[in-house]
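Okay, structure first, notes after.
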Amino acid sequence: MLFAIASREFRNLFLSPLAWSIMAILQVILAYLFLSQVDRYMAFQARLGGMEGAPGVTDFVVSPLLQTVGFVFLLVAPAITMRTFSDERRNRTLSLLISAPVSMSDIVLGKFLGVFLFFLTMLAMIAAMPLSLYAGTELDTGKLLAGLLGLALLLTSFAAVGVFMSTLTEQPVVAAISSFGMLLLLWIIDWSGDSHQEMSGLLAYLSLQNHLGSFMKGLFSTTDVAYYLLVSALFLILAIRRLDQQRLTG
Amino acid sequence: MDTKILIAVDELCRYYGHHLAVDAISFELAQGEVLGFLGPNGAGKSTTMQMISGNLAPSGGRIAINGIDLLDRPRLAKAEIGYLPEQPPVYPDLTVREYLAYCARLHRVGKTHRGGAISRALRRCGLHGVETRLIGNLSKGYQQRVGIAQAILHNPAVVILDEPTVGLDPNQIRDIRELIRELGQSHGIILSTHILPEVQATCTRVQIIHRGRLVFAESMQALQQRLTGKALVLETQSAVDITKLQQIAGVSAVEPLASRRARLLFDADNPAAAVAACVAAHDWGLVELALDRQSLEQVFVELTCNEDGAAQAAAA
């Protein structure tokens with residue numbers, strides 16, 4: 000049942016022009032960034048060639064691109080997740096799911112999975128750009144894969160936060176703005192951490208962005224994997240609790 | 000016939016904050032019954048139906064669907080229910096067929112039966128010809144029918160329909176009533192409506208709910224007998240002598256209604272023949288002599304308005 004809901008959610012996204020336009024705009028902007036980065040690499044190539052331990056094409060082109068992808072998703076993910084539950088509540092279609100023999104966790108996980116699949120599709124389209132470099136050069140495949148994995152994990156937490164925020168309100172726009180606020184807060188939470196030593200460790204751990212760094216350097220650390228999975232699980236459980244509680248309060 | 004109890008509701012309560020919306024309602028629904036749920040707006044009909052369909056958690060009491068407790072084993076119990084809420088839960092972006100296919104998957108209709116179940120629901124609800132159109136482009140009546148198709152798709156033991164004929168034209172209403180009667184033979188159906196003739200046309204049992212309490216629950220047969228009251232209405236061309244009427248055997252009382260109209264109450268057999276003979280003998284000129292039928296509407300108004308007045312008087 001989970002997969003029925005997930006595939007419906009995934010295909011529903013393609014029924015609205017919103018998802019298509021987001022995909023198109025994102026692709027254009029990132030392609031522009033990618034090309035200008037490639038251009039700069041071409042200009043510096045001669046000088047880099049003479050240097051000892053100079054950054055390769057992966058560091059010069061791919062890493063900055065993937066870094067930007069993380070931030071750009073922070074801006075667009077709420078627009079994708081906002082409709083998951085608020086639309087169902089506004090159109091009063093949620094009762095179809097609730098009166099079906101499906102558990103609340105199946106409903107929430109199904110919606111989450113559908114949105115996450117859509118994010119992965121977007122990520123695959125973006126990954127096509129650095130992959131195209133293989134036509135002319137060699138890349139640091141490990142670094143590229145670690146970066147993509149880091150982004151995929153980041154997107155699980157974006158999807159979970161967005162789905163939870165969508166259960167809170169009937170207005171999709173309110174859901175989008177509140178999930179954007181929540182994600183941005185988690186993104187910048189460690190920026191103020193320098194003054195208090197004991198706090199900065201905790202704040203740095205809470206930051207969504209911080210954990211992406213090691214993936215971008217090509218490091219696969221279980222701490223970071225666990226962090227993203229914990230954030231996702233937390234918000235998904237909150238979403239399930241929220242729907243259960245709605246049945247009680249009406 | 001061995002009748003199976005499909006729904007057993009026991010002392011069901013529901014609070015919204017401090018407001019008691021449903022107050023200790025108990026009833027049962029057997030296979031082959033169509034139960035009409037009546038009540039003024041805000042009486043608790045929809046709340047009760049939402050609780051039976053699992054959309055609202057009750058504040059107290061038990062609900063068993065086909066012997067399965069809804070609160071203990073919700074998934075098993077919900078598999079036996081088809082529910083049409085007040086507003087049909089349809090996705091405007093899907094075609095009718097896509098939508099029903101999704102509902103079939105949600106209700107765990109096996110892959111091999113899915114096609115058959117969908118075409119049966121389409122046929123029963125008269126949706127052939129619109130199955131490839133987007134639901135959002137259909138008229139309200141067709142959307143309502145898609146909602147009904149969704150509720151009967153998986154062949155549930157119990158079908159709960161919250162105001163199923165709202166927004167339909169008279170022909171469609173007749174079709175839907177026919178469908179409900181047909182479904183009622185093999186399923187148990189709960190139906191809520193504001194349209195009283197609809198209840199008389201389709202239901203085998205009637206319940207009136209008022210201020211969260213069940214104030215009337217009778218089978219249609221018992222209701223018909225009750226409605227066919229023990230009274231005659233007599234109208235004549237010239238004034239009648241009431242004492243003469245009272246002497247007729249079988250007439251227990253006479254109430255004058257207007258100058259030439261009277262209401263005759265009786266206990267046992269209908270004394271209409273004797274009354275007619277009496278009128279003819281005195282040459283009063285018979286205009287009308289009829290059984291005084293109480294309509295369901297009168298029962299409804301009596302049960303739901305008098306109490307209002309009483310409550311207001313108590314509150315004042």
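Here the protein sequences line up with chains V and P, keeping their order.
Using numbering that gives the first Met the number 0, the first residue of the first sequence is number 0, and each one after it goes up by one.
Using numbering that gives the first Met the number 0, the first residue of the second sequence is number 0, and each one after it goes up by one.
Glycine included, each C-beta is placed from N, C-alpha and C at the ideal position.
Answer yes or no: does any C-beta atom of chain V fall closer than 8 Å to that of residue i?
i                : result
histidine 18(P)  : no
cysteine 124(P)  : no
cysteine 102(P)  : yes
tyrosine 141(P)  : no
alanine 315(P)   : Because the pLDDT of alanine 315(P) is 40, which lies under 50, any placement of that residue in the model is unreliable, and the number read from its coordinates should be weighed accordingly. Not one chain V Cβ lies under 8 Å of alanine 315(P).
serine 52(P)     : yes
isoleucine 80(P) : yes
leucine 55(P)    : yes
proline 84(P)    : yes
arginine 74(P)   : yes
valine 8(P)      : no
lysine 110(P)    : no
lysine 44(P)     : no
Leaving out five residues before and five after residue i in sequence, what residues of the same chain have Cβ atoms less than 7 Å from its Cβ?
i                 : result
leucine 32(V)     : Leu64 and Thr67
leucine 143(V)    : Thr57, Val61 and Pro129
alanine 312(P)    : For alanine 312(P), the predicted structure reports a pLDDT of 42, less than 50, and the residue's modelled location is therefore unreliable. A value from the coordinates is still provided. For alanine 312(P), where only same-chain residues beyond five positions count, there are no Cβ hits under 7 Å.
valine 75(V)      : Ile21 and Leu25
isoleucine 125(V) : Leu29 and Val68
leucine 99(P)     : Ile117, Ala120, Ala148, Gln149 and Leu152
glutamate 85(P)   : Ser45, Asp161 and Glu162
proline 255(P)    : Ile241 and Ala261
lysine 139(P)     : Gly166
valine 37(V)      : Val60
aspartate 268(P)  : Gly249
glutamine 142(P)  : Pro87, Val89 and Ile134
glycine 284(P)    : Thr235, Gln236 and Ser237
serine 218(P)     : Thr203 and Arg204
Determine the chain P residues that contact residue i at a beta-carbon separation under 9 Å, and present them in chain order.
i                : result
asparagine 11(V) : Tyr90, Asp92 and Leu93
leucine 96(V)    : Pro88 and Leu105
serine 20(V)     : Under the 9 Å cutoff, chain P gives no residues; its nearest Cβ is about 16 Å from serine 20(V).
Which residue or residues does DSSP assign as beta-bridge partners of residue i?
i                    : result
phenylalanine 215(P) : Ile207(P)
valine 8(P)          : Phe26(P) and Ile62(P)
phenylalanine 219(V) : DSSP output for phenylalanine 219(V) lists no bridge partner at all.
aspartate 319(P)     : The structure shown does not extend to residue 319(P), since chain P is modelled only from 0 through 315, so no value can be given for it.
glycine 35(P)        : Leu190(P) and Val205(P)
tyrosine 31(V)       : Answer is none; tyrosine 31(V) lacks a bridge partner.
glutamate 234(P)     : Arg260(P) and Glu287(P)
proline 169(P)       : DSSP lists no partner for proline 169(P).
glutamate 254(P)     : Arg262(P)
glycine 318(P)       : Nothing in the structure corresponds to residue 318(P), since chain P is present only between 0 and 315.
Residue i versus chain P: which residues are under 8 Å apart at the beta carbon?
i                : result
serine 85(V)     : Going along chain P, no residue has its Cβ under 8 Å from serine 85(V), so there is no contact; the nearest lies around 14 Å.
histidine 242(V) : The identity of residue 242(V) in the sequence shown is leucine, whereas the question assumes histidine. Within chain P, no residue comes near leucine 242(V); the closest Cβ sits about 11 Å away, beyond 8 Å.
Is the CB of residue i under 8 Å away from at least one CB in chain P?
i               : result
alanine 78(V)   : no
alanine 99(V)   : yes
leucine 185(V)  : no
alanine 159(V)  : no
threonine 92(V) : yes
methionine 0(V) : yes
arginine 246(V) : yes
leucine 147(V)  : no
alanine 238(V)  : no
serine 102(V)   : yes
alanine 225(V)  : no
alanine 3(V)    : yes
Using the beta-carbon of each residue, which ones in chain P are nearer than 7 Å to residue i?
i               : result
glutamine 62(V) : Per the sequence shown, residue 62(V) should be read as serine rather than glutamine. By Cβ distance, chain P contributes nothing, its closest Cβ being about 39 Å from serine 62(V), past 7 Å.
arginine 46(V)  : By Cβ distance, chain P contributes nothing, its closest Cβ being about 55 Å from arginine 46(V), past 7 Å.
arginine 7(V)   : Tyr101
leucine 14(V)   : Asp92
For residue i, which residues of its own chain have a beta-carbon under 6 Å away from its beta-carbon, when the five flanking residues on both sides are left out?
i                 : result
methionine 270(V) : No statement about residue 270(V) is possible, as the shown extent of chain V runs from 0 to 249 and does not include it.
glutamine 171(P)  : Gly140
Within the same chain, show all residues whose beta-carbon is closer than 8 Å to that of residue i, passing over the 5 residues directly before and after it, in chain order.
i              : result
leucine 218(V) : Ala145
What does residue i reach in chain V if we use C-beta pairs closer than 8 Å?
i           : result
lysine 3(P) : None at all; the shortest Cβ gap to chain V is about 20 Å.
Listing by chain order, which chain V residues have their CB less than 9 Å from the CB of residue i?
i            : result
lysine 77(P) : Ile97, Ser98, Ala99, Pro100 and Val101
Can you find at least 3 beta carbon pairs, one from the stretch 150–162 of chain P and one from the stretch 76–91 of chain P, that sit closer than 8 Å? yes
Does the count of Cβ pairs from the stretch 59–66 of chain P and the stretch 3–14 of chain P closer than 8 Å reach three? yes
Check whether the stretch 144–157 of chain V and the stretch 33–52 of chain V are in contact - that is, three or more C-beta pairs closer than 8 Å. no
Could you tell me whether the stretch 126–143 of chain P touches the stretch 86–95 of chain P, using the rule of 3 or more Cβ pairs below 8 Å? yes
At a cut of 8 Å, does the stretch 78–94 of chain V reach the stretch 219–235 of chain V through at least three beta carbon pairs? no
Tell me, please, whether the stretch 233–242 of chain V touches the stretch 22–32 of chain P by the rule of three or more beta-carbon pairs shorter than 8 Å. no
Three or more C-beta pairs below 8 Å linking the stretch 32–51 of chain P and the stretch 195–207 of chain P: yes
Using 8 Å as the threshold, is the stretch 103–110 of chain P in touch with the stretch 113–127 of chain V, meaning 3 or more CB pairs across them? no
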